[in-house]
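Let me begin by presenting the structure, written as structure tokens, before commenting on it.
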Amino acid sequence: RHPLFHLARKDRYPTPLRPRAKLHPFASSMCKRTFPLQNGLTRHLRYMHNVTCPVPERKRPRADEPIPPEGSAFPYDNCDMVARSKTGLKSHIRARHPENPTKYAPKVQLIPQPASLML
Numbered sequence: 001r002h003p004l005f006h007l008a009r010k011d012r013y014p015t016p017l018r019p020r021a022k023l024h025p026f027a028s029s030m031c032k033r034t035f036p037l038q039n040g041l042t043r044h045l046r047y048m049h050n051v052t053c054p055v056p057e058r059k060r061p062r063a064d065e066p067i068p069p070e071g072s073a074f075p076y077d078n079c080d081m082v083a084r085s086k087t088g089l090k091s092h093i094r095a096r097h098p099e100n101p102t103k104y105a106p107k108v109q110l111i112p113q114p115a116s117l118m119l
């Protein structure tokens with residue numbers, strides 16, 4: 001290695017004086033927090049300031065659709081909610097009925113014991 005190798009390397013690849021700051025173009029109108037992505041700001045407003053959009057883009061169009069046929073509908077007994085999927089039903093229960101989170105939890109499976117171990 002050349003004795004001045006480390007100097008030549010610095011000339012070819014200059015190191016920045018300080019790390020490049022990430023851009024945070026999405027700012028909260030209620031506090032000083034900023035976010036690099038829109039969904040971060042939306043989540044912050046929802047959970048920290050209890051602000052929700054009156055017409056959510058994703059949910060509004062589907063609200064006018066008819067309820068799916070009986071075989072593909074997932075009704076919830078504690079309210080009049082009918083989900084389009086089991087995942088949607090689980091999400092609804094977690095969000096709207098936190099007092100009953102285990103309704104669709106996986107069932108505990110018992111391992112059968114051989115007859116020789118049972119008395």
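Residue 1 is where the sequence shown starts when you use the UniProt record's numbering, and the numbers rise one by one after that. In this text, a Cβ means the ideal position worked out from N, Cα and C, and glycines have one as well.
- Message: Since Pro36 and Leu23 should fall inside the 8 Å C-beta cutoff, what is the C-beta to C-beta distance between them, to a whole number of angstroms?
- Response: With a Cβ gap of about 6 Å, Pro36 and Leu23 count as contacting.
- Item | Top-ranked residue by Cα proximity to Met30, from Ala21, Gln38, Asn50, Cys79 | Asn50 is the residue among Ala21, Gln38, Asn50, Cys79 whose C-alpha sits nearest the C-alpha of Met30.
- Task: Just the C-alpha distance for Arg94 and Gln38, rounded to the nearest angstrom, thanks.
- Result: Going from the Cα of Arg94 to the Cα of Gln38 covers about 24 Å.
- Message: For Pro98, tell me which candidate among Arg20, Asn78, Ser85 has the shortest Cα-Cα distance.
- Response: Of Arg20, Asn78, Ser85, the smallest CA-CA separation from Pro98 is found for Asn78.
- Message: Within the continuous alpha helix (DSSP H) that includes Tyr47, where are the two ends?
- Response: 38–48 is the span of the alpha helix (DSSP H), which, as asked, contains Tyr47.
- Would you decide whether Ala21 is buried or exposed? Buried here means 16 or more other CB atoms lie within 10 Å of its CB. So Ala21 counts as exposed.
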